[in-house]
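Inspection log for the structure reproduced underneath, given as structure tokens.
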Amino acid sequence: MPVITYRDALGAAIREEMQRDDRVFLMGEEVAVYQGAYKVSKGFLQEFGEMRVVDTPITELGFAGVGVGAAMVGLRPVIEFMTWNFALLALDQVVNAAAKMLYMSGGQYKMPIVFRGPNGAALQLSAQHSQAWESWLAHIPGLKVIAPGTPYDAKGLLKSAIRDDNPVCVLEGEMLYNTKGEVPDEEYLIPLGKAELKREGEHCSIITHGKMVLVALQAADQLAKEGINIDVVDLRTIRPMDVEAIGESVKKTNRAVVLEEGWEMCGVGAQVVDYIQRDCFDYLDAPVVRVHQADTPMPYAKGLEKAAKPDLPKAIAAVRKVMYLD
Amino acid sequence: MATKVFMEALSPTMEEGRLVKWLKNEGDTVKSGEALAEVETDKAIMELVARGDGVLRKRLINEGDTAPVGTLAGVIATADENIDALVAGAGAPAPAAGAPTPEKVVATQQETAGASSIPRRAEESQGEASTPPQQKVAATPPASPGGGPAAPAPSGGNIQPPTGDVRSSPLARRLASERGLDLHSVQGSGPNGRIIKRDIEAAAAAGAAAPSAAAVTPSAPVIPREGDYHDEPLTSIRKTIARRLGESIGPIPTFYLTAEFDLTRVMEMRKAMTELGDQFKVSVNDVLLKATAVALSQHPEVNAHWLNDKIRYHNRVHLGMAVATDDGLIVPVIWDADRKRMSEISREAKELAKRARERKLKPEEFTGSTFSVSNLGMFGIDQFTAIINPPEAGILAIGTSEEKLVVVNGEPVVRSRVRVTMSCDHRIIDGAVGAKFLQTLRRLIENPLMLVY
Amino acid sequence: MTATRTEKKRKSDSAAATQQGDPTLNLELLRSMLLQRRFEERCAEAYALGKIGGFCHLYIGQEAVSTGALSMLRPDDYVITTYRDHGPALARGMTPRAVMAELFGRQDGCARGKGGSMHMFDTNTNFLGGHGIVGGHVPIATGVGFAIKYRGGDQVIVCFMGESVVNTGAFHEALNMAGLWKLPCVFIIENNRYGMGTALERASAIHDIYERGAAYNMPRNQCDGQDVFAVRQAVGEAVERARKEQIPTLLEVRTYRFMGHSMSDAVSGTYRPKSELEEYMKRDPITLLRTHMQEAGQLTDEQLQKLDEELKAIVQDSWDFAESSPELPVEALYEDVYADTTT
Numbered sequence: 044m045p046v047i048t049y050r051d052a053l054g055a056a057i058r059e060e061m062q063r064d065d066r067v068f069l070m071g072e073e074v075a076v077y078q079g080a081y082k083v084s085k086g087f088l089q090e091f092g093e094m095r096v097v098d099t100p101i102t103e104l105g106f107a108g109v110g111v112g113a114a115m116v117g118l119r120p121v122i123e124f125m126t127w128n129f130a131l132l133a134l135d136q137v138v139n140a141a142a143k144m145l146y147m148s149g150g151q152y153k154m155p156i157v158f159r160g161p162n163g164a165a166l167q168l169s170a171q172h173s174q175a176w177e178s179w180l181a182h183i184p185g186l187k188v189i190a191p192g193t194p195y196d197a198k199g200l201l202k203s204a205i206r207d208d209n210p211v212c213v214l215e216g217e218m219l220y221n222t223k224g225e226v227p228d229e230e231y232l233i234p235l236g237k238a239e240l241k242r243e244g245e246h247c248s249i250i251t252h253g254k255m256v257l258v259a260l261q262a263a264d265q266l267a268k269e270g271i272n273i274d275v276v277d278l279r280t281i282r283p284m285d286v287e288a289i290g291e292s293v294k295k296t297n298r299a300v301v302l303e304e305g306w307e308m309c310g311v312g313a314q315v316v317d318y319i320q321r322d323c324f325d326y327l328d329a330p331v332v333r334v335h336q337a338d339t340p341m342p343y344a345k346g347l348e349k350a351a352k353p354d355l356p357k358a359i360a361a362v363r364k365v366m367y368l369d
Numbered sequence: 138m139a140t141k142v143f144m145e146a147l148s149p150t151m152e153e154g155r156l157v158k159w160l161k162n163e164g165d166t167v168k169s170g171e172a173l174a175e176v177e178t179d180k181a182i183m184e185l186v187a188r189g190d191g192v193l194r195k196r197l198i199n200e201g202d203t204a205p206v207g208t209l210a211g212v213i214a215t216a217d218e219n220i221d222a223l224v225a226g227a228g229a230p231a232p233a234a235g236a237p238t239p240e241k242v243v244a245t246q247q248e249t250a251g252a253s254s255i256p257r258r259a260e261e262s263q264g265e266a267s268t269p270p271q272q273k274v275a276a277t278p279p280a281s282p283g284g285g286p287a288a289p290a291p292s293g294g295n296i297q298p299p300t301g302d303v304r305s306s307p308l309a310r311r312l313a314s315e316r317g318l319d320l321h322s323v324q325g326s327g328p329n330g331r332i333i334k335r336d337i338e339a340a341a342a343a344g345a346a347a348p349s350a351a352a353v354t355p356s357a358p359v360i361p362r363e364g365d366y367h368d369e370p371l372t373s374i375r376k377t378i379a380r381r382l383g384e385s386i387g388p389i390p391t392f393y394l395t396a397e398f399d400l401t402r403v404m405e406m407r408k409a410m411t412e413l414g415d416q417f418k419v420s421v422n423d424v425l426l427k428a429t430a431v432a433l434s435q436h437p438e439v440n441a442h443w444l445n446d447k448i449r450y451h452n453r454v455h456l457g458m459a460v461a462t463d464d465g466l467i468v469p470v471i472w473d474a475d476r477k478r479m480s481e482i483s484r485e486a487k488e489l490a491k492r493a494r495e496r497k498l499k500p501e502e503f504t505g506s507t508f509s510v511s512n513l514g515m516f517g518i519d520q521f522t523a524i525i526n527p528p529e530a531g532i533l534a535i536g537t538s539e540e541k542l543v544v545v546n547g548e549p550v551v552r553s554r555v556r557v558t559m560s561c562d563h564r565i566i567d568g569a570v571g572a573k574f575l576q577t578l579r580r581l582i583e584n585p586l587m588l589v590y
Numbered sequence: 030m031t032a033t034r035t036e037k038k039r040k041s042d043s044a045a046a047t048q049q050g051d052p053t054l055n056l057e058l059l060r061s062m063l064l065q066r067r068f069e070e071r072c073a074e075a076y077a078l079g080k081i082g083g084f085c086h087l088y089i090g091q092e093a094v095s096t097g098a099l100s101m102l103r104p105d106d107y108v109i110t111t112y113r114d115h116g117p118a119l120a121r122g123m124t125p126r127a128v129m130a131e132l133f134g135r136q137d138g139c140a141r142g143k144g145g146s147m148h149m150f151d152t153n154t155n156f157l158g159g160h161g162i163v164g165g166h167v168p169i170a171t172g173v174g175f176a177i178k179y180r181g182g183d184q185v186i187v188c189f190m191g192e193s194v195v196n197t198g199a200f201h202e203a204l205n206m207a208g209l210w211k212l213p214c215v216f217i218i219e220n221n222r223y224g225m226g227t228a229l230e231r232a233s234a235i236h237d238i239y240e241r242g243a244a245y246n247m248p249r250n251q252c253d254g255q256d257v258f259a260v261r262q263a264v265g266e267a268v269e270r271a272r273k274e275q276i277p278t279l280l281e282v283r284t285y286r287f288m289g290h291s292m293s294d295a296v297s298g299t300y301r302p303k304s305e306l307e308e309y310m311k312r313d314p315i316t317l318l319r320t321h322m323q324e325a326g327q328l329t330d331e332q333l334q335k336l337d338e339e340l341k342a343i344v345q346d347s348w349d350f351a352e353s354s355p356e357l358p359v360e361a362l363y364e365d366v367y368a369d370t371t372t
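Protein sequences, first through last, are from chains A, B and C. Start counting at 1 in the first sequence, then tack on 43, and there's your number in the numbering used here. Start counting at 1 in the second sequence, then tack on 137, and there's your number in the numbering used here. Start counting at 1 in the third sequence, then tack on 29, and there's your number in the numbering used here.
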């Protein structure tokens with residue numbers, strides 16, 4: 044099976060969908076002439092022309108709204124945010140318009156739109172450029188939120204997102220774009236709302252998504268050497284969340300660590316823990332432990348940044364804690 | 138926040154306690170875990186410890202007074218905290234779950250040493266006790282110091298405070314409920330003593346019922362292990378025997394087998410050992426204990442417990458040893474007696490007897506026997522029948538050893554002899570089974586060198 | 030004033046003059062405006078009776094804008110507006126029944142009772158909604174314009190907004206892209222002088238706000254919003270420019286609301302004196318049109334009374350219909366959150 048980067052997997056997903064359906068177009072800053080700020084849309088302008096690969100001014104609120112308007116009348120926009128940090132300026136369109144259009148129109152106006160871009164911290168980008176927004180977005184009924192952690196998932200999920208008749212927020216990762224993985228040539232789709240058990244183990248579950256999937260897998264590898272076998276549940280979709288998969292895993296292992304990139308307060312992990320206490324209360328042998336970013340803005344200094352970010356040692360420590368090993 | 142001091146159940150069977158002596162005065166600063174008072178339980182004098190930090194503001198039970206378990210005995214609080222409301226409720230037992238009521242107190246100390254062989258224990262009064270035998274198992278701490286990840290047991294005993302407050306994981310609660318285990322009987326190994334899955338599994342493996350299964354002696358901490366015993370469901374014939382004989386004779390259909398053993402070689406052995414030095418001196422009783430233990434290890438069918446719906450056959454031998462005290466009988470336990478050397482048995486028997494008389498035994502030192510021995514030889518009793526210590530299958534009553542004229546090879550000779558009588562629970566032991574056990578015991582006692590084999 | 034504007038305005042005057050002579054058309058315009066008026070008078074009553082809840086922003090006084098503008102559109106064109114949307118919805122041809130039932134929160138409302146006063150939507154008339162966030166719908170209008178161009182169509186989108194919108198970022202972002210990409214959008218500022226209680230002069234650095242279009246190289250114009258003919262003239266030009274040349278327009282229509290900002294706000298008070306209100310009410314758009322028609326001999330008193338009775342009956346019917354329409358069952362709460370479809 045060909046091994047390609049996460050970046051190319053995303054590009055392939057959009058390209059295939061644009062080839063398949065001429066209502067699909069890509070819009071955002073630097074997507075066309077510049078070939079994509081992160082080169083996801085490399086070659087697109089040449090292939091599809093400037094009406095379907097649209098460079099916008101730096102005007103997040105504006106072009107997000109353009110996407111909403113286009114989606115209302117039948118197009119299928121893929122709106123690229125250079126990062127989700129900038130998308131904050133566009134949240135009125137994402138939350139007040141896209142998420143609610145179907146509902147407040149009593150089911151009349153569908154909103155087949157994708158908002159995508161890198162999410163969370165890269166390296167030393169400090170406070171305003173290092174934020175993980177999934178809990179904000181997942182809070183909103185009407186939105187779907189996906190966070191693929193591997194190239195295979197990135198392609199399969201993004202294609203499904205583009206075909207979905209609902210607004211889908213795709214949280215990618217700057218640090219993921221260069222990661223590689225097997226992606227088949229033939230077409231495939233990954234349904235939204237389905238988690239994947241990325242590793243099977245009986246001692247403890249790590250429930251995670253996005254960039255932290257790799258961390259969880261590394262933790263599982265390392266802990267396996269000590270004879271601790273981890274069930275790694277990759278949510279893949281934050282909303283709608285695969286509550287069944289969470290329950291299945293935790294009922295098996297009786298212990299869970301929830302690993303996420305964002306902050307603790309009202310984070311995705313908080314929701315996961317809630318599902319666990321609802322569905323797995325009588326199966327829990329220890330309180331669930333969460334791993335997340337420190338409750339501070341992201342600092343610039345290397346050492347502080349490391350201290351703030353969730354990482355492999357923290358994930359392992361959390362497993363040990365939930366296993367009562369320390 | 139104030140901490141209430143309750144009269145705690147300091148032994149598995151304790152339902153009330155006499156406050157012998159306060160170790161702290163009102164106004165003294167106390168730390169959690171620190172001894173507050175000495176309490177005489179039905180078995181021993183135990184320490185009542187503080188469950189919180191602060192100042193002992195109030196002592197609510199007078200020295201010498203007896204109070205039911207759960208009675209408010211004192212209040213620990215900060216120096217200036219208002220405790221009026223707490224003190225106002227003094228005198229009545231806390232409405233704690235599972236706290237026995239005074240009416241249920243079983244008179245355990247009325248028997249005298251001579252009149253009966255064995256003190257009754259809680260199991261004997263099952264019908265009136267509020268907890269089934271299974272629940273008592275774990276009133277003892279399964280874990281030993283350094284024996285794995287277990288949290289230290291609360292000092293002064295393994296009994297949960299009578300608040301009904303057991304920390305446990307939801308999973309542990311579900312598993313316990315599925316397996317019919319009472320969480321109060323399980324010692325938690327999680328943070329702050331939280332009972333977690335592995336504790337339930339250990340408790341279930343250790344067996345639901347036997348008080349023995351988890352008890353320890355300080356000298357030989359015992360961790361219950363898988364394979365310590367196996368359970369066998371009752372066959373229909375056993376059920377019928379149990380029912381029919383029970384109707385005939387009482388709850389425990391007992392029969393008695395008496396045998397007289399020749400002690401010549403035991404005496405020779407004692408003499409030879411004593412000649413090697415005082416440190417090698419052993420008593421006849423020590424030899425009999427050791428021999429009984431070894432015989433039991435060869436006859437698991439006798440080393441068994443009656444659990445109503447099944448018989449538990451123990452693979453380990455924990456030998457109960459009846460000791461007379463001024464207050465009554467108590468049965469300290471020599472753990473794994475079959476595996477202990479004679480010297481260990483001798484030393485332990487002496488130590489346990491001494492501590493029993495001083496009433497300093499800890500609960501785990503007088504619970505958990507798989508079979509018991511009672512010896513009234515020192516009182517010149519030729520032979521007697523002892524009452525079975527339930528749920529054990531039998532008890533061996535040892536009379537005095539004396540020189541007797543016997544016929545050997547047609548010749549009258551003087552020999553040192555001892556008479557033993559085994560009381561057998563017919564529900565478990567049939568006549569022939571008991572007889573075979575005594576056969577083995579005879580072989581060992583009459584050929585004590587076998588004990589070193 | 031720019032040359033462009035002056036020129037356009039002159040053109041408007043002449044075009045409007047030619048249209049004013051058509052009695053059939055004028056009767057239609059009057060009918061549309063009077064329907065909105067009678068409808069909203071009953072809305073106020075229903076609100077007072079608790080049959081309508083939430084925010085309820087009435088359009089009374091501004092009917093010439095909706096009627097004038099939307100009378101220039103084709104059925105396949107698009108309309109999007111603010112939360113003050115009952116008037117435009119009716120002027121666009123949505124049925125009084127669907128609008129009233131929506132206001133009553135009933136199943137037969139245009140949005141099944143899920144939108145309410147501020148969120149009238151109708152796919153049949155390409156009515157893209159009333160939107161509740163000031164400025165939020167303007168980029169959406171640009172997006173619709175983008176979609177029209179993307180598909181190579183010749184439709185236009187008319188986007189109504191209040192004058193306070195011009196101070197939001199969304200307005201500038203949206204107009205910039207419409208101007209940059211030459212999209213078939215007609216942005217109509219209904220300048221009713223007050224953003225809630227804040228006068229335009231207290232909110233905007235310039236007072237001829239159509240001039241903001243200069244920043245986006247966009248044709249711009251200003252007209253009298255109480256004169257339905259003037260509105261038709263100005264919008265007609267903008268629509269034609271959008272349809273034929275794909276050039277957007279920013280049109281400032283000067284009007285006045287005769288009611289408070291919403292049903293829960295005072296009609297006049299600290300922010301505008303009663304005398305000002307009374308002065309403006311002398312230029313009631315319906316009175317102006319009626320007078321014009323009567324003076325031109327296009328409308329008798331009898332005809333007018335008959336029309337009024339008819340419209341009142343239609344509004345009463347919409348009320349009765351709304352009241353008899355069931356509320357959605359609670360199970361419907363979770364419907365319409367997500368479309369269960371993909372392509």
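Idealized CB from N, CA, C, for every residue including glycine.
query	result
Examine chain A for any beta-carbon lying closer than 7 Å to the beta-carbon of Tyr367 of chain C, and answer yes or no.	yes
Please classify Asn221 of chain A as buried or exposed, where buried requires at least 16 neighbouring CB atoms within 10 angstroms.	exposed
Could you please give me the residues that DSSP links to Trp472 of chain B through a beta bridge?	According to DSSP, Trp472 of chain B bridges with nothing at all.
Do Pro120 of chain A and Met154 of chain A have their CB atoms nearer than 7 Å?	no
Could you please give me the residues that DSSP links to Gln174 of chain A through a beta bridge?	A:Gly163
Hey, Thr96 of chain C and Val257 of chain C are a contact pair by Cβ (cut 8 Å); roughly how many whole angstroms apart?	6 Å
Does any CB atom of chain C fall closer than 7 Å to the CB of Ser84 of chain A?	no
Within 10 Å of its beta-carbon, does Leu362 of chain C have 16 or more other beta-carbons around it, so buried, or fewer, so exposed?	exposed
Determine the chain B residues that contact Tyr81 of chain A at a beta-carbon separation under 8 Å, and present them in chain order.	In chain order: nothing, as chain B lies at least about 45 Å away.
DSSP three-state label for Ser553 of chain B, please.	strand
Which of the three DSSP states is assigned to Ala234 of chain B in this structure?	Confidence in Ala234 of chain B is poor, its pLDDT being 40 and thus under 50, which makes the residue's placement too unreliable to answer from.
Beta-carbon of Asn297 of chain A versus every beta-carbon of chain B: anything under 7 Å?	yes
Give the secondary structure of Ala396 of chain B by DSSP, where H, G and I count as helix, E and B as strand, and everything else as coil.	strand
Only counting the same chain, and skipping five residues up and downstream in sequence, which positions put a Cβ closer than 6 Å to that of Ala170 of chain C?	Ile109, Ile186, Cys188, Cys214
Looking at C-alpha atoms only, which residue of A:Asp64, A:Ser178, A:Gly149, A:Tyr152 is the closest neighbour of Asn162 of chain A?	A:Ser178
Residues in its own chain within less than 8 Å of Lys158 of chain B by CB, not counting five upstream and five downstream?	Ala174, Glu175, Glu200
The beta strand (DSSP E) that contains Ile448 of chain B, what's its start and end?	447-451
Jot down the residue ranges of each uninterrupted alpha helix (DSSP H) in the stretch 246-328 of chain A, minimum 4 residues, whole runs only, in chain order.	255-267, 286-296, 311-322
Within 10 angstroms of the Cβ of Gln272 of chain B, are there 16 or more other Cβ atoms? Answer buried if so, exposed if not.	Residue placement at Gln272 of chain B cannot be trusted, given a pLDDT of 36 that sits under 50; what the coordinates show is reported in the next sentence. Gln272 of chain B is buried by the Cβ-count criterion.
Of the residues A:Glu304, A:Asp135, A:Leu186, A:Gln151, which one's Cα is nearest the Cα of Asn155 of chain C?	A:Gln151
Spatial neighbours of Gly160 of chain A within its chain, please: C-beta separation below 7 Å, excluding the five flanking residues on both sides.	Glu123, Phe124, Met125, Thr126, Trp127, Ala130, Glu215
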